[in-house]
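Reading through the structure tokens given below for one structure.
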Amino acid sequence: MTAFFKGIPKVKFEGRETSSDFAFRHYDPDELIMGKRMEDHLRFAVAYWHSFAWEGGDPFGGRTFDRPWFGDTMDLARQKADVAFEMFDILNVPFFCFHDADIRPEGANFAESLRNLEEITDYFALKMETHRTRLLWGTANLFTHRRFMSGAATNPDPDVFAYAAATVKSCIDATHKLGGQNYVLWGGREGYETLLNTDLAREAEQAGRFLQMVVEYKHKIGFTGNILIEPKPQEPSKHQYDYDVATVYGFLKRFGLEGEVKVNIEQGHAILAGHSFEHELALAASLGLFGSIDMNRNDYQSGWDTDQFPDSVPEMARAYYEVLRAGGFTTGGTNFDAKLRRQSLDPADLILAHVGAIDICARSLKAAAALLEDGSLEAARSARYAGWDLPENQLMLSGATLGDIAARVLSEGIDPQPVSGRQERLENLWNRFV
Ligand code: XLS
Ligand code: NI
Ligand code: NI
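Under my numbering, residues 83 to 516 are what the sequence shown spells out, in order.
See the structure below:
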């Protein structure tokens with residue numbers, strides 16, 4: 083045991099009446115929702131980077147956190163892992179996620195970085211023998227180090243492409259070794275700062291080839307998890323190629339990778355792209371792309387990717403409603419890609435941030451499930467399209483020509499009558515459940 087979380091109890095479900103801060107009021111892992119345990123619906127994961135690697139800096143000031151494991155040695159990396167697994171136990175979360183750079187010190191060269199990664203992931207494997215928390219996904223950090231300042235796969239310098247390919251290979255290997263259920267690619271610097279020095283056609287070809295190799299490699303080593311792309315429109319680049327779900331779908335089609343790659347959708351990224359979270363989730367589900375969630379929220383005034391913990395049941399219920407309609411998570415889950423505010427210095431803050439967020443998600447899931455089970459909303463949705471069930475209308479979608487349809491409009495005197503979309507009624511219905 084480390085001393086970091088000294089005095090902090092394991093967080094358990096205690097129900098609404100409890101007065102304890104360190105308790106779940108709504109998240110009862112074993113409660114059955116639509117016939118499935120809540121833990122198996124939500125599949126919570128802690129993000130290693132925000133919780134253990136982030137130092138509390140912002141563009142105007144550096145480190146505010148004072149963690150005993152900050153530093154660049156393997157000993158400190160192991161200490162960080164000890165604390166991380168202690169937090170996973172305190173929260174009883176089934177999963178965690180990491181980037182290579184979060185968990186191991188950068189070496190003097192690629193070989194040393196690789197050795198560090200292998201050593202620390204062996205240490206994780208050992209810890210996973212005595213802790214229940216599993217790996218939801220691993221990923222490579224291809225955006226922090228200065229070598230990646232002009233991109234990774236989309237870099238004008240082929241040596242960076244090669245370095246990124248080697249790095250991704252090492253991270254897929256590490257994820258596979260640890261039994262990870264997905265592998266994520268977020269293209270933080272796969273984009274541009276200015277079109278004046280950028281060749282869009284080349285960069286797209288490079289990114290397509292890169293992803294094809296990732297998919298080939300996954301099959302070669304027998305990694306059965308999903309490859310997930312995480313869309314984001316900008317930040318850190320001025321423009322990022324994986325802008326949103328629709329853009330990623332077009333990219334996958336172009337390179338023949340639909341069916342091979344799904345998406346990891348982040349709440350704050352959806353908002354930055356000018357969408358709602360539920361829009362991105364519903365669209366991904368409709369395209370057969372839905373994979374996993376990065377759960378967080380942005381400050382709606384600042385316009386930045388502030389990665390705060392979620393705090394709104396009405397908003398998250400919309401998200402989980404789409405997750406449930408999509409059939410729920412398979413390999414995916416709810417990863418808290420969220421960080422403390424830089425004034426939240428105490429170890430307890432780290433725990434309480436997750437406790438609150440977990441309860442928000444649990445309440446949202448319950449509200450969404452109740453509405454889905456009630457069936458009124460889905461009945462209204464189906465009723466709206468009921469005309470399409472008639473055989474003569476089905477024919478318009480397969481078989482009939484424009485000429486046939488025109489003849490039918492004339493012969494039957496078809497004269498469409500507008501009907502209400504009933505939006506406010508449906509909003510009222512929605513609000514009875516949240
Ligand atoms: C940053 C991204 C990042 C990914 C993983 O905005 O959300 O944290 O989830 O590289
Ligand atoms: Ni993000
Ligand atoms: Ni993310």
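Ideal Cβ placement from N, Cα and C applies to all residues, glycine included.
In the structure shown, what three-state DSSP assignment does Ala430 receive? DSSP, reduced to helix, strand and coil, places Ala430 within a helical segment of the structure shown.
Opening and closing residue of the beta strand (DSSP E) in which Ala127 lies: Unbroken beta strand (DSSP E) run through Ala127: Phe126 to Ala129.
For a test of your reading of the model: does the CB of Trp386 fall under 7 Å from any non-hydrogen atom of ligand 1? Yes or no. Trp386: no, Cβ never under 7 Å from ligand 1.
Per DSSP, Met377 forms a beta bridge with which residues? Phe418, per the DSSP bridge assignment.
Return helix, strand or coil for Ile185, following the three-state DSSP convention. In the structure shown, Ile185 adopts helical secondary structure according to DSSP, grouped into three states.
Would you report the Cα separation of Asp140 and Asp387, rounded to the nearest angstrom? Looking at the backbone, the Cα of Asp140 and that of Asp387 are separated by about 12 Å.
According to DSSP, simplified to helix, strand and coil, what is Tyr265? It is a strand residue.
Does the beta-carbon distance from Leu293 to Gly261 come in below 8 Å? No, the Cβ-Cβ distance between Leu293 and Gly261 is not below 8 Å.
Any non-hydrogen atom of ligand 2 within 7 Å of Ala162 CB: Contrary to the premise, residue 162 reads as Lys rather than Ala in this sequence. Not so, every heavy atom of ligand 2 lies at least 7 Å from the Cβ.
Using beta-carbon positions only, say whether Phe391 and Asn380 come within less than 8 Å of one another. No, the pair does not count as a contact, with Cβ atoms beyond the cut-off.
Coarse secondary structure for Trp219, derived from DSSP in three states: In the three-state reduction of the DSSP assignment, Trp219 falls in the strand class.
Should Ala408 be flagged as near chain C, meaning a C-beta pair shorter than 8 Å? The question asks about chain C, but that chain is absent: this structure has only one protein chain.
Less than 7 Å between the CB of Glu272 and some heavy atom of ligand 4, yes or no? Of the ligands one can find in the structure shown, namely ligand 1, ligand 2 and ligand 3, none is ligand 4.
Say yes only if the C-beta of Lys314 is nearer than 7 Å to one or more non-hydrogen atoms of ligand 2, and no if none qualify. Flag set: Cβ of Lys314 near ligand 2.
Okay, do the stretch 408-416 and the stretch 361-379 touch, 3+ Cβ pairs below 8 Å being the bar? Yes: the two stretches touch, three or more of their Cβ pairs being nearer than 8 Å.
Just mark Asp376 as buried or exposed, buried being the case when its beta carbon has 16 or more other beta carbons within 10 Å. Per the 10 Å Cβ criterion, buried.
Beta-carbon gap between Thr249 and Tyr323 smaller than 8 Å: No. Outside cutoff.
Check the DSSP bridge columns for His321 and list the partner residues they point to. Its beta-bridge partners are Tyr274.
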